[in-house]
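Reviewing the structure listed below.
There are 2 protein chains.
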Amino acid sequence: MKNGKVTLGEIARQAGTSTMTVSAVLNGSRSNTRVADETRKRIEKLAAELNYSPNAMARGLRRQRTDTIGVLFTWAGSRTIHNLYSMTVLDGIVAGAATAGYHILLYTQRWESVAASAAAFADQRTDGMIVVAPLESSDVVAGLTELGIPLAVISSSVKDSCVPGVNIDNDTGMTLGLDHLAALGHTQIAYVGPTPERRSMRERHDVYLRWMAEHELPVPEGYVLADLNIGESLQPDLERLLRLPEPPTAVFAANDDLAVEVLEAARTVGLSVPEQLSVVGFDDVLVASLTTPKLTTIRLPLYEMGQQAAQLLVARIEGRSESEGPSVQIISPELIVRDSTAAAPAVHS
Amino acid sequence: MKNGKVTLGEIARQAGTSTMTVSAVLNGSRSNTRVADETRKRIEKLAAELNYSPNAMARGLRRQRTDTIGVLFTWAGSRTIHNLYSMTVLDGIVAGAATAGYHILLYTQRWESVAASAAAFADQRTDGMIVVAPLESSDVVAGLTELGIPLAVISSSVKDSCVPGVNIDNDTGMTLGLDHLAALGHTQIAYVGPTPERRSMRERHDVYLRWMAEHELPVPEGYVLADLNIGESLQPDLERLLRLPEPPTAVFAANDDLAVEVLEAARTVGLSVPEQLSVVGFDDVLVASLTTPKLTTIRLPLYEMGQQAAQLLVARIEGRSESEGPSVQIISPELIVRDSTAAAPAVHS
DNA sequence: CGAGTTTGATTTAACGATAAATCAGAGTAA
DNA sequence: TTACTCTGATTTATCGTTAAATCAAACTCG
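Which chain is which? The protein sequence lines are B and Y, in order. Taking my numbering, the leading residue of the first sequence gets 47, the next gets one more, and so forth. Taking my numbering, the leading residue of the second sequence gets 47, the next gets one more, and so forth.
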């Protein structure tokens with residue numbers, strides 16, 4: 047077992063051959079060097095005994111490949127994977143990378159701007175990168191692309207981009223939820239969403255407004271709260287929304303975390319969900335099925351999205367995707383009806 | 047910006063110096079090579095213009111350091127960071143590594159056994175590893191130690207081990223919760239816990255039994271469910287527990303995930319929490335404050351634990367901890383009283 | 001029996017960075 | 001003038017691996 051310092055040279059010395067022969071044996075068929083069966087066995091036995099493992103740095107340097115995929119999250123304060131969305135996506139990425147034989151590197155460096163950060167991400171530490179839900183204000187994707195780094199983007203900030211990745215069909219997702227509410231007789235539907243720093247959030251907001259207009263439903267003053275940030279105290283704002291003179295009978299939250307906050311606000315305001323207020327979330331993150339009542343939400347296959355992004359990236363890295371062109375997968379969300387939505391209450395007036 | 051292929055040699059060529067001079071300039075004071083101010087400036091300017099970034103593989107090979115910390119979770123099926131515990135710990139590790147300038151590598155390789163996996167983890171890809179909550183049946187820690195890999199273990203499987211890391215004082219944690227229940231007048235306290243594959247879980251179980259014995263409280267048949275696994279359908283077992291002829295008035299769950307399941311079971315059985323049944327969890331994972339009622343639980347500073355493990359490991363890697371000996375931090379949990387515990391109901395009989 | 005092929009290797013030269021040793025020239029002192 | 005120091009570099013060697021070229025001996029064939 048030693049202290050992990052077994053090199054090809056050491057094996058070669060003990061086997062009485064050159065290092066190249068050892069390399070050829072341990073790399074199987076990728077070399078054109080011929081080796082006699084007897085020599086091969088001797089070397090394989092030695093390698094197993096000494097518990098040889100190729101030095102990843104040396105191999106990476108020579109092969110110009112690291113068998114590692116970098117993942118880049120947007121930092122929020124001092125945290126990166128602080129929510130269930132990121133966690134599930136990462137879990138999927140790990141699984142996808144695992145099947146392809148790649149490891150995952152989490153860059154702890156923040157992306158500031160092309161000028162400030164580009165160099166740090168061009169250190170050849172990884173064969174490619176997965177960028178998760180970049181902000182629209184960021185130049186990460188453009189920057190990394192320009193550096194020639196193979197990329198896959200999850201929930202890209204650019205529509206129809208030529209960057210491969212996995213995007214969400216927010217139009218379908220929102221419409222699914224809104225139609226569901228409409229079918230339940232709701233006409234007073236409010237929208238709460240986070241600060242639209244990400245395209246998805248802006249889109250969800252837009253689709254809501256468009257859908258409301260198309261259905262000729264009014265969006266009264268105060269019905270739209272589109273700059274809420276989890277972590278800050280949202281309760282006052284949400285309670286104000288629910289206490290409006292003509293309060294909404296349904297609230298569509300742009301993500302589950304906010305939906306949970308709405309549930310909380312409803313409780314303090316004394317509105318029972320779903321009898322007096324319907325709540326719809328988005329993402330179907332783990333907590334959605336743990337709340338009381340369980341959350342009706344728009345399901346995003348986050349784990350699978352991570353897996354697919356990894357597969358896409360690996361295909362790109364290994365040059366298998368040239369023929370298929372820039373492959374952007376569009377994910378169609380699914381409506382999951384649970385217990386937080388019900389028929390609209392009878393109108394009082 | 048080019049395609050990220052700027053090497054020291056390229057800069058040297060353009061600056062009209064040797065690569066060594068460039069290396070000396072860009073590495074600041076770590077070299078003993080003297081460089082004239084004018085030359086220094088010229089090189090720095092060029093490096094900035096060309097957006098030079100040292101090749102991490104080459105540097106790693108030469109320096110025998112990678113500035114990367116490996117993290118090893120135990121796989122559960124095809125998932126690794128599938129729960130809030132892992133997520134929060136990892137988030138903390140990332141933060142801790144970030145401040146020390148280290149990146150994080152998630153090995154996608156599973157640890158099977160010393161014989162099967164040791165080599166794969168000795169590939170010099172990382173400067174050290176953090177092992178998160180290993181199973182007692184696993185030989186990871188011993189194996190990696192034998193390979194000479196600097197280690198930090200979170201929630202180790204070995205008590206008082208000589209491996210640095212962060213351990214949990216389960217004795218204090220459980221006692222805190224049990225005393226709380228006792229103070230509320232509970233005498234019929236049940237225990238539910240996951241299969242004791244991890245030392246922590248076995249300990250919590252043991253402390254429960256010991257505490258009950260010390261307080262001369264009976265542990266009736268069926269009061270202990272110590273091999274439940276999240277993911278499987280636990281509801282039947284939990285409902286059976288709550289429907290026992292002489293049912294518990296309080297249930298202590300060895301982790302929050304199980305506590306949530308207990309809450310669910312209570313709901314279907316028709317027991318109101320906390321009026322008819324008190325529930326205590328363990329970990330204080332994110333969901334604990336989102337359930338209805340909010341969970342009384344034993345708080346573990348998971349994020350901070352991750353940070354500390356990273357710091358500990360970095361200290362060890364950089365040789366700063368030799369004087370302090372094997373540093374094992376013991377984390378004292380904290381009781382967080384929320385809404386799932388209340389005075390024991392009056393006895394019926 | 002000499003020319004060409006097959007087998008089983010070896011040698012050489014990188015990959016990019018850096019530790020350590022060496023070196024050329026100017027300045028200083030005896 | 002000779003010896004020594006200081007400045008500002010350069011050269012050399014190496015980290016461990018592997019692509020590509022080369023090589024020696026045995027074997028085949030006309």
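Just so you know, even glycine gets a beta-carbon here, dropped at the ideal spot from N, CA and C.
Annotated as proximal: Y:L287 and Y:L271, with beta-carbon spacing under 9 Å.
In this structure, the beta-carbon distance from B:P210 to B:L358 falls below 9 Å. Taking C-beta separations shorter than 6 Å and ignoring five residues to either side along the sequence, the partners of B:H149 in its chain run T114, following chain order.
At least one CB atom of chain B sits nearer than 9 Å to the CB of Y:F167. As summarised for the stretch 176-214 of chain B, the continuous beta strand (DSSP E) elements at least 3 residues long and confined to that stretch are 197-200 and 211-214, given in chain order.
Not one beta carbon of chain Y lies nearer than 9 Å to the beta carbon of B:G327. If you ignore the 5 residues before and after Y:I344, its C-beta comes within less than 8 Å of the C-beta of G219, M220, L222, G223, V326, G327, F328, D329, D330, P379, E380, L381 and I382, all in its own chain and listed in chain order. The alpha-carbon separation between B:P196 and B:G147 amounts to approximately 17 Å.
Its Cα nearest to that of B:A141, the residue Y:L152 stands out among Y:L152, Y:G74, Y:L227 and Y:V187. Taking 7 Å as the cut-off between beta carbons, the residues of the stretch 138-159 of chain Y near chain B are V140, A141, A143, A144, Y148, H149, I150, L151, L152, Y153 and T154, in sequence order.
Y:I176 places its beta carbon less than 9 Å from that of Y:A356. DSSP, reduced to helix, strand and coil, places B:T295 outside both helices and strands of the structure shown, so it counts as coil. In this structure Y:R362 is buried. Its beta-carbon is surrounded by 16 or more other beta-carbon atoms within 10 angstroms. Interface annotation, B:M133: in contact with chain Y, CB-CB separation under 9 Å. For Y:I376, the beta-bridge partners assigned by DSSP are Y:N213. About 11 Å separates the CB atoms of B:M351 and B:V199; that is not less than 8 Å, and the two are not in contact. Nearest C-alpha to Y:C208 among Y:D225, Y:V187, Y:D215 and Y:A228: Y:V187. With a threshold of 9 Å between beta carbons, Y:G106 makes contact with chain B. By the beta-carbon neighbour count (other beta carbons within 10 angstroms, threshold 16), Y:T241 is exposed. Under the Cβ criterion of 9 Å, Y:P240 is not counted among the residues facing chain B. In this structure, the CA atom of Y:S335 is about 15 Å from the CA atom of B:L130. In chain order, L336, T337 and T338 make up the part of chain Y whose C-beta sits under 8 Å from the C-beta of B:T337. DSSP places B:I139 in the helix class (H, G or I) of the three-state scheme.
The Cβ of Y:V333 sits closer than 9 Å to at least one Cβ of chain B. Residues of chain Y with a Cβ closer than 9 Å to the Cβ of B:S77 do not exist; the shortest Cβ-Cβ separation is about 20 Å. The residue from B:W157, B:R256 and B:R313 with its alpha-carbon nearest to that of B:P282 is B:R313. Under a 10 Å Cβ-count criterion, B:S99 is classified as buried, with 16 or more other Cβ atoms of the shown protein chains found around its own Cβ. By the Cβ rule, the stretch 67-79 of chain Y does not count as touching the stretch 66-82 of chain B, because fewer than three pairs are nearer than 8 Å. Using a CB distance cut-off of 9 Å, B:S318 does not count as an interface residue toward chain Y. Within chain Y, no residue has its CB atom less than 7 Å from the CB of B:S64, the nearest being about 21 Å off.
Using a Cβ-Cβ distance cut-off of 8 Å, the stretch 84-91 of chain B and the stretch 89-97 of chain Y are not in contact, since fewer than three pairs of beta carbons, one from each stretch, lie closer than that value.
The DSSP-derived three-state label of B:R156 is coil. For B:A58, there is no enclosing beta strand (DSSP E); the enclosing alpha helix (DSSP H) covers residues L54 to A61.
Between B:A296 and B:S324 a beta carbon distance of about 4 Å is seen, short of the 8 Å cut, so the two are scored as contacting.
Our two residues, Y:R156 and Y:A168, have alpha carbons roughly 13 Å apart in a direct line. Between B:A311 and B:L317, the alpha-carbon positions lie close to 9 Å from each other.
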